[in-house]
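In what follows, a structure is listed as structure tokens, so that the remarks can point back to it.
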Amino acid sequence: MKLKLLLSTSLLLGAAYLAKAQTYGLWQGAAQATSFDYVLSGNATFSNGPSINSSVSSQATPGWLPAPSGTAKARIATAAGAGADITLAGSVLTLNASKTNEPNKVALYDVPNATAVTSIFFDLSFDGGTQGTAVIGFGKTNDIFTDNNPLINASAAGIFGALRFTVGNSNSNSGVRLGTFSYAAPSPEVFPKTGTINVEVYCNNTALAKSYARGATNYSLPARSYHIYANNNAVNASGSVNLTTTGELAVDQSINAILFAGTSSASNTLKFAVSNIKFGWIPQNVLPVELSAFTGKKVNNGAQLNWTTSSEKDNAYFDVLRASEDGVFRSIDKVSGKGTTNGNSNYQFVDQNPLNGNNYYKIKQVDQNGDSKEYGPVTVGFDLTTSKLAAFVNAGHHLVLTYQAAENANADITIVDLNGKKLISQKVSLTKGLNQAKLDVGALPKGLYVVRVGSKGKGSTAKFIK
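Going by mature numbering (1 follows the signal peptide of the UniProt record, and there is no 0), the letters in the sequence shown line up with residues -21 to -1, 1 to 445, in that order.
Right, dumping it as structure tokens:
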């Protein structure tokens, strides 16, 4: 069997082949990878006839297919004079492609609570065939999911993206969708002709980039695009793994439907089987900031925190929280957000007065409406037993410093404001062990300041209030 896959819109599928096992990626902001599971079970045959034969199943009105949960519906239809049946054997549904241009077709639609950021998972396999076309489309419930029309050469309202497989030499290059609804072949081919194919589809139908994780790896999915994996191999075509939607589905519309259809198999030899259909999504009320990285490390002047957002919407600020071993997080500073962005934004904060031992940091993102979400924690450890600095202002307007030095050394005492402007600088001689010093800070206005005692590129900082 010669099998060729064409993917709707610009599609690129590539990566090293991994051991075959279904992966369920988790959207950032989602509590679980999958929230809807269409359970197939039973043994039956849905026969074709001289006219279209169809059946719709729901919890309210059971049909030939097992009824999906909630408000979802499952529809099955055979084309007039299709010449083949559709069979259900346990958890596997097998479609014979019809003899005509009208499809044998199965659709799952009206999946409840699905949103504009949705993932779809299913298992797929092909069983023989020398001619025919198989199409898998996904999007929002509309006529293409509830009628008997094929998804081949015309615009179809509700479609976000689609896969098409063609079999046989005579039509291996056909089935190109018109205009912007084109199909492009992936390179290299990642859909095997035999065995089970674990398929993952990640769809982002919003105006902002979204993130998801597959195992320990995070991925950013641009606005109005989708990613596909086959047996853990990322698909690529036309030079990008970011597969752009055809535009048939309006932005921010939910993706709550999938269809499987087979046509144009003169001898009905093209068979393909589907099973294990699942949906996952980001809930609609998730805070619209995508954090793609959050790290912490020890630097000369304190604990440096770095984080990156892949998109932001109405982001007011980040509250930096710190805890010691007692586990109680307290706010130590704020970092302004960038409002609304559609691209990576990098942030950095340095805690210049870390605690001795492990410092645990979180960042709390706060939007302009006051809604918030916490990220972290990350841990940065410090051993300050040989260089602890304590500072306070006494009643005589003197800054009293106590500093534990590891060795005899000349040092600089520097006082800066919160903007980093140097206000006072004084040289001192330190002796190994405990040292004390006084500085006159009477001329400083009331406020919060930072003092640093350092020598040979090392030192400690502390905040004090005047």
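We put the beta carbon where it would ideally sit given N, CA and C, even for glycine.
A quick note: this is a predicted structure, and the numbers were derived from the prediction, not measured.
task: Look at the alpha carbon of residue 445 and the alpha carbon of residue 375, and state the distance between them as a whole number of angstroms.
output: Taking the first residue of the sequence shown as 1, we reach residue 445 at position 466. Taking the first residue of the sequence shown as 1, we reach residue 375 at position 396. Inter-residue distance for residue 445 and residue 375 is about 11 Å (C-alpha atoms, whole angstroms).
- prompt: Is DSSP giving residue 261 helix, strand or coil here?
  reply: Position 282 of the sequence shown, counting from 1, holds the residue named residue 261. Residue 261 falls in the coil class under three-state DSSP.
field: Sufficient close CB pairs (3 or more, under 8 Å) joining the stretch 298 to 312 to the stretch 176 to 193
entry: In short, these stretches do not touch, since the Cβ pair count stays below three.
Contact belief for residue 112 with residue 144 at Cβ below 8 Å, rounded distance in angstroms: If you number the sequence shown from 1, residue 112 lands on position 133. If you number the sequence shown from 1, residue 144 lands on position 165. A Cβ-Cβ distance of about 7 Å is found for the pair residue 112 and residue 144, placing them in contact under the 8 Å criterion.
- prompt: DSSP state of residue 447, grouped into three classes?
  reply: Outside the displayed span of the chain (-21 to 445) sits residue 447, for which this structure offers no information.
- prompt: With a cut-off of 8 Å, do at least 3 Cβ pairs link the stretch 95 to 109 to the stretch 239 to 259?
  reply: yes
message: Applying the 10 Å Cβ sphere with the 16-neighbour rule, what's the burial state of residue 39?
response: In the sequence shown, counting from the first residue as 1, residue 39 sits at position 60. Residue 39 is exposed by the Cβ-count criterion.
message: Would residue 201 and residue 282 be called neighbours here (beta carbons separated by less than 7 Å)?
response: For this step, residue 201 is matched to residue 222 along the sequence shown. For this step, residue 282 is matched to residue 303 along the sequence shown. No, the pair does not count as a contact, with Cβ atoms beyond the cut-off.
query: Who are the Cβ neighbours of residue 64 in its own chain at under 8 Å, not counting the five residues just before and after it?
result: In the sequence shown, residue 64 corresponds to position 85, counting from 1. Non-local C-beta neighbours of residue 64 in its own chain, meaning closer than 8 Å and more than five positions away in sequence, comprise 24, 25, 26, 27, 57 and 75, ordered along the chain.
message: Is it buried or exposed, residue 426, if we count other Cβ atoms within 10 angstroms and call 16 or more buried?
response: Mapped onto the sequence shown, residue 426 falls at position 447. With fewer than 16 other Cβ atoms within 10 Å, it is exposed.
- prompt: Looking at residue 418 and residue 384, is the spacing between their C-beta atoms short of 7 Å?
  reply: In the sequence shown, residue 384 corresponds to position 405, counting from 1. In the sequence shown, residue 418 corresponds to position 439, counting from 1. No, they are not a contact pair.
task: Specify, as a first and last residue, the run of the beta strand (DSSP E) that residue 437 falls within.
output: Along the sequence shown, one-based indexing puts residue 437 at 458. Unbroken beta strand (DSSP E) run through residue 437: 437 to 444.
query: Do residue 407 and residue 401 have their C-beta atoms closer together than 7 Å?
result: Position 428 of the sequence shown, counted from the start, is the residue given in the question as residue 407. Position 422 of the sequence shown, counted from the start, is the residue given in the question as residue 401. Not in contact: residue 407 and residue 401 (Cβ atoms no closer than 7 Å).
- prompt: How long is the line joining the alpha carbons of residue 388 and residue 429, rounded to whole angstroms?
  reply: Counting from one through the sequence shown, the residue named residue 388 turns up at place 409. Counting from one through the sequence shown, the residue named residue 429 turns up at place 450. The straight-line gap from Cα to Cα measures roughly 22 Å.
- prompt: Should residue 353 go down as buried or exposed, given a rule of 16 or more other Cβ atoms within 10 Å for buried?
  reply: Along the sequence shown, read from residue 1 onward, the residue named residue 353 stands at position 374. Looking at its Cβ environment, which holds fewer than 16 other Cβ atoms inside 10 Å, residue 353 is exposed.
field: Residues near residue 106 by beta carbon distance below 6 Å, same chain, minus five either side
entry: In the sequence shown, the residue the question calls residue 106 occupies position 127. Answer for residue 106: 250, listed in chain order.
field: Whole-angstrom distance between residue 382 and residue 369, CA atom to CA atom
entry: Here residue 369 refers to the residue found at position 390 when the sequence shown is read from its first residue. Here residue 382 refers to the residue found at position 403 when the sequence shown is read from its first residue. Residue 369 and residue 382: Cα-Cα distance of roughly 7 Å.
- request: Pick helix, strand or coil for residue 3, following the three-state DSSP scheme.
  value: Taking the first residue of the sequence shown as position 1, residue 3 is located at position 24. Residue state, collapsed to three classes: coil.
- prompt: So residue 207 packs on residue 222, CB below 8 Å; how close in whole Å?
  reply: Along the sequence shown, read from residue 1 onward, the residue named residue 207 stands at position 228. Along the sequence shown, read from residue 1 onward, the residue named residue 222 stands at position 243. Contact flag correct, Cβ pair sits at about 7 Å.
query: How many Å lie between residue 471 and residue 377 at the Cα?
result: Outside the shown range of the chain (-21 to 445) lies residue 471, about which nothing can therefore be said.
query: So, are the CB atoms of residue 90 and residue 210 less than 7 Å apart?
result: Residue mapping note: residue 90 aligns to position 111 of the sequence shown, counting from 1. Residue mapping note: residue 210 aligns to position 231 of the sequence shown, counting from 1. No, they are not a contact pair.
- request: Starting from residue 206, trace the beta strand (DSSP E) both ways and give me its first and last residue.
  value: Numbered from its first residue, the sequence shown carries residue 206 at position 227. From DSSP, the beta strand (DSSP E) with residue 206 extends over 204 to 209.
Nearest-angstrom beta carbon gap, residue 45 and residue 34 [assumed within contact, 8 Å]: The sequence position of residue 34 within the sequence shown is 55, counting from 1. The sequence position of residue 45 within the sequence shown is 66, counting from 1. Going by Cβ atoms, the distance from residue 34 to residue 45 rounds to 11 Å, so no, they are not a contact pair.
field: Distance CB(residue 337)-CB(residue 360) smaller than 7 Å
entry: What you label residue 337 is simply residue 358 of the sequence shown in a count that begins at 1. What you label residue 360 is simply residue 381 of the sequence shown in a count that begins at 1. Taking 7 Å as the Cβ cut-off, residue 337 and residue 360 qualify as a contacting pair.
- request: Could you check if residue 81 is buried or exposed, using at least 16 other CB atoms within 10 Å of its CB as the buried criterion?
  value: Mapped onto the sequence shown, residue 81 falls at position 102. Around the beta-carbon of residue 81, 16 or more other beta-carbon atoms lie within 10 Å, marking it buried.
task: Would you mind reading off the limits of the beta strand (DSSP E) that contains residue 273?
output: Numbered from 1 along the sequence shown, position 294 holds the residue referred to as residue 273. Run containing residue 273: 268 to 278, per the beta strand (DSSP E) assignment.
Where residue 415 falls, given that 16 or more other Cβ within 10 Å makes a residue buried: Here residue 415 is taken as the residue at index 436 of the sequence shown, counted from 1. Classification for residue 415: exposed.
Sequence-distant residues of the same chain with beta carbon closer than 8 Å to residue 254, five excluded per side: Walking along the sequence shown from the start, residue 254 turns up at place 275. Within the same chain, residue 254 has close Cβ partners 19, 70, 71, 72, 101 and 102.
- request: Return the first residue and the last residue of the beta strand (DSSP E) that residue 23 is part of.
  value: On the sequence shown, residue 23 is found 44 positions in, with the first residue counted as 1. Residues 22 to 25.
- request: Pull up the CB-CB distance for residue 77 and residue 244, whole angstroms please, since I reckon it's below 8 Å.
  value: Stepping through the sequence shown from its first residue, residue 77 is reached at position 98. Stepping through the sequence shown from its first residue, residue 244 is reached at position 265. Confirmed, Cβ separation roughly 7 Å.
- request: Give the secondary structure of residue -11 by DSSP, where H, G and I count as helix, E and B as strand, and everything else as coil.
  value: Your numbering for residue -11 matches position 11 in the sequence shown. Any reading at residue -11 must be qualified, since the residue scores a pLDDT of 35, below 50, and its modelled position is unreliable; the value itself is stated next. Three-state DSSP puts residue -11 in coil, outside helix and strand.
task: Using DSSP bridges, identify the partner residues of residue 417.
output: Within the sequence shown, the letter at position 438 stands for residue 417. Residue 417 is bridged to 379.
message: If the criterion is Cβ atoms closer than 7 Å, does the pair residue 301 and residue 340 meet it?
response: Here the question's residue 301 lines up with position 322 in the sequence shown. Here the question's residue 340 lines up with position 361 in the sequence shown. Going by C-beta atoms, residue 301 is nearer than 7 Å to residue 340.
task: To the nearest angstrom, report how far apart residue 54 and residue 269 are at their CA atoms.
output: Counting from one through the sequence shown, the residue named residue 54 turns up at place 75. Counting from one through the sequence shown, the residue named residue 269 turns up at place 290. In a straight line, the C-alpha of residue 54 is about 36 Å away from that of residue 269.
message: Report the start-end ranges of each beta strand (DSSP E) in the stretch 290 to 342 that is 3 residues or longer and not cut off at the edges.
response: 309 to 320 and 324 to 330
- prompt: What does residue 106 pair with, by DSSP beta-bridge criteria?
  reply: Here residue 106 is taken as the residue at index 127 of the sequence shown, counted from 1. BP columns for residue 106 are empty, so no partner.
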